[in-house]
Every structure is written in C-alpha cells, then in structure tokens.
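Colleague:
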Amino acid sequence: MPTLFRFVVTLAVLAGVAYGAMFALAMFVEPKKAEMSVRIPAEKLNPKKN
Numbered sequence: 001m002p003t004l005f006r007f008v009v010t011l012a013v014l015a016g017v018a019y020g021a022m023f024a025l026a027m028f029v030e031p032k033k034a035e036m037s038v039r040i041p042a043e044k045l046n047p048k049k050n
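Be aware that the sequence shown starts at 1, since it is given in full-length UniProt numbering, and climbs by one per residue.
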C-alpha cells in the first residue's frame, strides 16, 4: 500500500507542476497581434452551377 500511495502522490505532484506551467504561460505570455490576409480564388467565391 505505501508504494501505491507514493505513486499517486508522485502523479499528483507532476499534474500540479504541469498545471502550474500552463497557468504561468497563460498569465505571463502575451500573443503577438498581426494582420492576416488570405487570398480566396474567384472560383470558390462564385462557383459555377451545373
């Protein structure tokens, strides 16, 4: 039983570290804003009807 408890505690600690890393990334990293343009071919805007 102590081995199972140690395993569960280890998994909980690793999950806590992963959650903390994701939280830190979400709070402290700002995404860069940039304009984006995508060319759409005319065939896709006005498809020919059969």
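All residues carry an ideal CB built from backbone N, CA and C; glycine is no exception.
In three-state terms, what does DSSP make of proline 2?
Modeller: In this structure, proline 2 counts as helix in the three-state DSSP scheme.
Colleague: Alpha carbon to alpha carbon, how far is alanine 26 from alanine 18? Give it in angstroms, no decimals.
Modeller: Using only the alpha carbons, I get a separation of about 12 Å.
Colleague: What's the gap between the Cα of alanine 24 and the Cα of glycine 16?
Modeller: The alpha-carbon atoms of alanine 24 and glycine 16 are separated by roughly 12 Å.
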